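Using my numbering, you'd call the opening residue of the sequence shown number 156 and step up by one each time.
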Amino acid sequence: TLLWLAKDRLNLNPWLDGIAVCGLVTAILVFILGAANLPMLLTLWLCQKSLWAVGGPWYGYGWEMQLAELGFHALFMVPLFSV
156 TLLWLAKDRL
166 NLNPWLDGIA
176 VCGLVTAILV
186 FILGAANLPM
196 LLTLWLCQKS
206 LWAVGGPWYG
216 YGWEMQLAEL
226 GFHALFMVPL
236 FSV
């Protein structure tokens, strides 16, 4: 998880907000461009896994794990750099 990089472990709210905003901006960029490449999908996957790791019971349902697996497999199907 990206939250291991935080210096102040007692105040993770700015980090959580930053990860969410980074994922949102990347997802909007993929939507606008209509295509994705490896750095974009890797960014989305890291954001998702970071929030999933600290989500606890809210991320304990079946579809989050399936989405994380699908995102990981999609990393191998996109071009390295494009768009």
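Where is the CB? At the ideal position from N, CA and C, for every residue including glycine.
The structure presented is a predicted model; accordingly, all values stated were derived computationally and were not measured.
| Asked | Found |
| --- | --- |
| From Leu230, Ser205, Asp163, residue whose alpha carbon lies closest to that of Leu197 | Leu230 |
| Pairwise C-alpha distance: Pro169 and Pro194 | 23 Å |
| Proximity to Leu201 [Cα-Cα], best of Leu171, Ile187, Gly217, Pro212 | Leu171 |
| Span of the alpha helix (DSSP H) around Leu171 | 168–188 |
| Beta-carbon proximity of Ser205 to Ile183, cut-off 9 Å | no |
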